[in-house]
Amino acid sequence: MKKIFSLIAVAALSATVLAACGNNNDSSSGSASDSSSSASGDVKEITVNAKSFEFSPNEIKVKKGDKVKITLKNTDGAHGLEIPEFKVNLQKDGSAEFTADKAGTFDFDCSVMCGAGHGDMKGKLIVE
Ligand SMILES: [Cu+2]
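The sequence shown lines up with residues -19 to -1, 1 to 109 when you count with mature numbering (1 follows the signal peptide of the UniProt record, and there is no 0).
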């Protein structure tokens, strides 16, 4: 009887080790492909149009690790674009680049006092 138990124990142990190895391989190959895709150097170019008193689009989605080039274009009035989390602050038409190195939802807003609707000029940058 004892021999059978030890055989079962050995079989269970090796099965666990094999399963653990399999899991490790899965996760390491997964993260390897993740890092290679973010290291590909792609720059996501996004143009945000600003008018009184609205951004278009007012929701931007990027992937974590993306290099983002954001361009502000004033179509009506003089507005700015500020993303404090990524130290972006455009105060007139122009571009800024940053790396979306953290996931989450971050607010952006107008950084130039542009009038009555200034406080309503808000948008969201979503990094997934
Ligand atoms: Cu404003």
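Glycine included, C-beta positions come from ideal geometry on N, C-alpha and C.
The continuous beta strand (DSSP E) containing residue 85 extends over residues 85 to 90. The continuous beta strand (DSSP E) containing residue 32 extends over residues 24 to 32. As computed with DSSP, residue 56 is found in no beta bridge at all.
DSSP, read as helix, strand or coil, puts residue 105 in strand. Collapsing the DSSP output to three states places residue 73 in coil. Shown in chain order are the residues whose CB sits closer than 6 Å to a heavy atom of ligand 1: 60, 91, 93, 94, 95, 99, 102. According to DSSP, residue pairing for residue 66 in a beta bridge does not occur.
At the C-beta level, residue 54 and residue 25 stay beyond 9 Å of one another. Pairwise C-beta distances place the stretch 65 to 77 out of contact with the stretch 37 to 48, as fewer than three of them are shorter than 8 Å.
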